[in-house]
Amino acid sequence: MHPLLWAVAVAIFIVAVVRQNQHRRRIKSLGVACPEPPNVYPIPFGIGRFLYIGRRVKDGTFMDLWPEWWQEYGKTLRFSAFGANSIFTDEPDNVRFILQEGPLAGKVGMGADFHDQWYEFLGDSVFNLDGIKWKTNRAKLRKQFTRERLADLELFEHHVQRMIRFVKSYSEQPVPVLDLLHRFTLDTSMNYMLGTDENTVEKPVHQFSHAWDNVFEIMDARARAGGLWKILLPKKPMQDAMAVLNEVAYTQIDRAVERRKNGEKLGTSFLDAITEDTLDREEIRGHLMTIMLGGRDTAALTLTNTLHALARHPAVYATARAEILEVIGPSEIPTFEQLKKLPYLKAIIDEVLRLWPILPYTRKSALKDCTLPTGGKNREPIAVLADTELYYSARSMHRRPEFWGHDADLFRPERWIESGGNHKPWTYFPFSGGPRICVGMQFAMTEMQYILSRLLQSFPSLSTTQPELEYKMMILMVPKTEVYVTFHDKEA
Ligand code: HEM
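What the sequence shown shows, in mature numbering (1 follows the signal peptide of the UniProt record, and there is no 0), is residues -20 to -1, 1 to 472, in sequence order.
Below is the structure:
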């Protein structure tokens, strides 16, 4: 080897050893370190472990790894490589610290790397900010989800009727619901945000939707590449996709800002309402992308999972339909109050989100040195160094038999009725928890209850030939293939 390369290799080796020793000393001063699984590939400084995890993320089997780890090494593990630390935990007390106590004390947040990774897409958004900027940003969004706005269900009716007509046009042939519901939620999101009616349900090819999917794939790739995304990934595809999204957003924003400045009569859209708080077009763009990101794919995927589960469980479908017909009637438009009186439908959605949470695992960052409540060999608190990535998984926690019983893997909405909706704290968090709990949770629940009520009123039964779905575990948990459900005119 060239002498210069030798010198570089030796220098890297020395830096790595020094950093590893510094970390050990800092960990000792805070408490104990949690266990670290052995190296899978024989590459020193933990690089072997990171490469192994990267491979499992890439081949879509990352989530299968979690129960394997818990069984072998305990429920909180640490991985370190070259000064970068990650902790994976499946302990309710640790999840509580990561979501509740840590953020309140300013010790846990999204972190600067995450902010950078998402900046081009979201700007300064509630999703990627910390501290006072996050607080201000979140307060502006929360204002938009008032009770009156939640109770305004008119927006959905027009889109649901269009979807029902579309489903009927299949004349009891299997409907590709994954695709349909993505188009449906694109239409409702655009209508809610901008006040436009895109009708992608009937006109599937939509440039915005295509660019949106591209951006999402790129964000997935960035998440997989971790700190190396800037070096590893090309810039152009993101720039091209963002150009399409931004053109739509800026055109609408500029019009709304003009309307506000000219004192014209404003509409009821989120965009018109947000111009009351800010006229900064970049800030407004961030809010729009955030709402779209939060609300579109999440609702589409949960509704897809629900329809598929209902098609596989005719008795559950029949019970839910009977409840809806009794409370709302066979064809009447549901009111907000009636939707709150459908405990069985609510239990179905809770159960779907338990088994198939849309965010299978989530990442936060330690903003300061701190400790997690448990994870040492004797369950004692464990040291967490600033900048450590903290991972926890709804997909894993929601299926633990010690919290959900021996039938944890089964779809059984009745468990929510039997328990009165209760569960051990921090074992169920499909909408996250603590101060950063999903800002659109009520909106999403109302939207999903409304749409399901209308569909169940309209179709006496569903069926599917597809057994249990398989999922890609990316930022979101997405079915690997299209999902087909047949909507019938008669009871099963
Ligand atoms: C089934 C539907 C939904 C699910 C399962 C869901 C789930 C979640 C989860 C797990 C988080 C935490 C993310 C993290 O910790 O990184 C979150 C945050 C968020 N969600 Fe949702 N969400 C849904 C619908 C919506 C809707 C409809 C909106 C808006 C219209 C929305 C807006 C947001 C926002 C703005 C945040 C960030 C909150 C913050 O960091 O302060 N979500 N959501």
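Idealized CB from N, CA, C, for every residue including glycine.
Report the rounded CA-to-CA distance for residue i versus residue j, giving the unit in angstroms.
| i | j | result |
| --- | --- | --- |
| L121 | E471 | 43 Å |
| A374 | G91 | 21 Å |
| residue 474 | I33 | Residue 474 falls outside the range modelled here, since the chain spans only -20 to 472, and no answer is possible. |
| E100 | M222 | 8 Å |
| L213 | D93 | 16 Å |
| I144 | T299 | 21 Å |
| residue 508 | W50 | The chain is shown only over -20 to 472; residue 508 falls outside these bounds and no answer can be derived. |
| L432 | L322 | 11 Å |
| A279 | A424 | 7 Å |
| E317 | G243 | 35 Å |
| L319 | G400 | 18 Å |
| L210 | L305 | In the sequence as displayed, the identity of residue 210 is Lys instead of Leu. In a straight line, the C-alpha of K210 is about 54 Å away from that of L305. |
| T165 | M377 | 28 Å |
| L268 | E450 | 31 Å |
| D257 | E238 | 14 Å |
| L208 | S66 | 15 Å |
| E382 | P47 | 13 Å |
| P410 | V140 | 25 Å |
| D167 | K241 | 28 Å |
| N179 | R127 | 27 Å |
| I(-9) | L(-16) | 10 Å |
| H95 | T116 | 16 Å |
| R163 | N402 | 34 Å |
| P(-18) | G28 | 26 Å |
Would you say residue i touches the ligand HEM, meaning its beta carbon is less than 7 Å from a heavy atom?
| i | result |
| --- | --- |
| F411 | yes |
| L456 | no |
| L333 | yes |
| A346 | no |
| V419 | yes |
| L287 | no |
| T426 | no |
| A279 | yes |
| R118 | yes |
| G275 | yes |
| F423 | yes |
| L121 | yes |
| L370 | no |
| F107 | yes |
| I271 | yes |
| R416 | yes |
| L322 | no |
To which residues of the same chain is residue i closer than 7 Å at the C-beta, ignoring the five residues directly before and after it?
| i | result |
| --- | --- |
| A13 | I7, R58, I362 and A363 |
| M454 | D200 |
| residue 478 | Absent from the structure is residue 478, since the part of the chain shown begins at -20 and ends at 472. |
| L456 | D277, L281, I338 and L339 |
| V37 | R204 |
| S311 | Q437 |
| K452 | G40, V458 and K460 |
| A191 | A221, V224 and L225 |
| G414 | L79, Q80 and P83 |
| V296 | L290, I328 and P393 |
| V307 | Q318, K321 and L322 |
So, at 6 Å on beta carbons, what are the nonlocal neighbours of residue i in its own chain, with the 5 sequence-adjacent residues on each side left out?
| i | result |
| --- | --- |
| G420 | G274 and G275 |
| W406 | P72, V75 and R76 |
| T286 | V332 |
| C350 | K87 and V364 |
| T69 | T56 and Y372 |
Just list the residues that DSSP pairs residue i with in beta bridges.
| i | result |
| --- | --- |
| H468 | S441 |
| E369 | S66 and S345 |
| P459 | Y451 |
| T56 | T69 |
| P156 | Y464 |
| T354 | Answer is none; T354 lacks a bridge partner. |
| G89 | S345 |
| A61 | A64 |
| A363 | T351 |
| V12 | I362 |
Enumerate in chain order the residues of its own chain whose CB-to-CB distance from residue i is below 8 Å, with the five nearest sequence positions on each side excluded.
| i | result |
| --- | --- |
| Y464 | P154, V155, P156, V157, T444, T445 and Q446 |
| G263 | The identity of residue 263 in the sequence shown is Glu, whereas the question assumes Gly. Answer for E263: G103 and D104, listed in chain order. |
| F107 | M90, W98, T270, L273 and G274 |
| L130 | F316, Q422, F423 and T426 |
| V(-4) | none |
| L251 | M173, L174, G175, Q232, I233, A236, I264 and L268 |
| E182 | R142 and F146 |
For the ligand ATP, I want to know if residue i counts as a neighbour, meaning its beta carbon is within less than 7 Å of at least one of the ligand's heavy atoms.
| i | result |
| --- | --- |
| R145 | Ligands present in the displayed structure are limited to the ligand HEM, and the ligand ATP is not among them. |
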